[in-house]
Amino acid sequence: MTRTATGSTGTRRRRASLAAVVAAATFALILTGCVAESEPKPAETSAEPTVSETPTPTPSDAPPPALVPNGTAAENKPFFDYLNNQAITAAGGQPDGPTFINSLRAGGFAVETMELTPDITTVGVKADSVQFSVHAPDACLIGQWGAVGGYTSIIAAPLATGKCFVGQTRPIDF
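Residues in the sequence shown are numbered from 76 upward in steps of one, following the numbering used here.
Right, here's the structure in full:
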């Protein structure tokens, strides 16, 4: 007994059709699990609105951070960031190194604990960024300002030299 080509083709078509139906059904079941739940019904409310006697404080109502004299870097980082952001705003978004140092000095940080990188490169062009630091009793508060990236700050361990920065820094004589 020999099979004809037409019999074999009919069987292949039935198997292909069956496979397509099984695949479609599986796909439909998978999608059923992905359908979002219907929107929850809102809770019923009374016709009379309630009024709160005391307003809820907002972040803008919170007092600004303050210097913690002889505090750790972590304790003084909020104040360090606050002063630096104030300096950026006061300089119209174009602060230089002295702007940050003067703001930190006015905020109560001791100038002898500060370091500053130059604003001008060794070839005489404006630096892409400026870094400044305050050496707290336990670590360094380091800030960076640049046209690309804006303001960032970190807390880092001091170097073996006791300084916060590697290399030559700018004298703070202004």
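Backbone N, C-alpha and C define an ideal beta-carbon position, used for all residues, glycine too. Keep in mind the model is a prediction, meaning the values are calculated, not measured.
For T227, the secondary structure class from DSSP, reduced to helix, strand or coil, is strand. At least 8 angstroms separates the beta-carbon of I195 from that of Q206.
Taking each of D213, A185, G221 in turn and checking the Cα distance to L234, the smallest one comes out for D213.
Secondary structure note for F154: its alpha helix (DSSP H) is the uninterrupted segment 148 to 165.
DSSP places I247 outside both helix and strand once states are collapsed to three, so it counts as coil. DSSP places G172 in the helix class (H, G or I) of the three-state scheme. Secondary structure at L142: coil, using DSSP grouped into helix, strand and coil. For G221, the enclosing beta strand (DSSP E) has its first and last residue at 215 to 221. Taking a C-beta distance under 8 angstroms as the contact criterion, F175 and V209 do not qualify as a contact pair. Secondary structure at L179: helix, using DSSP grouped into helix, strand and coil.
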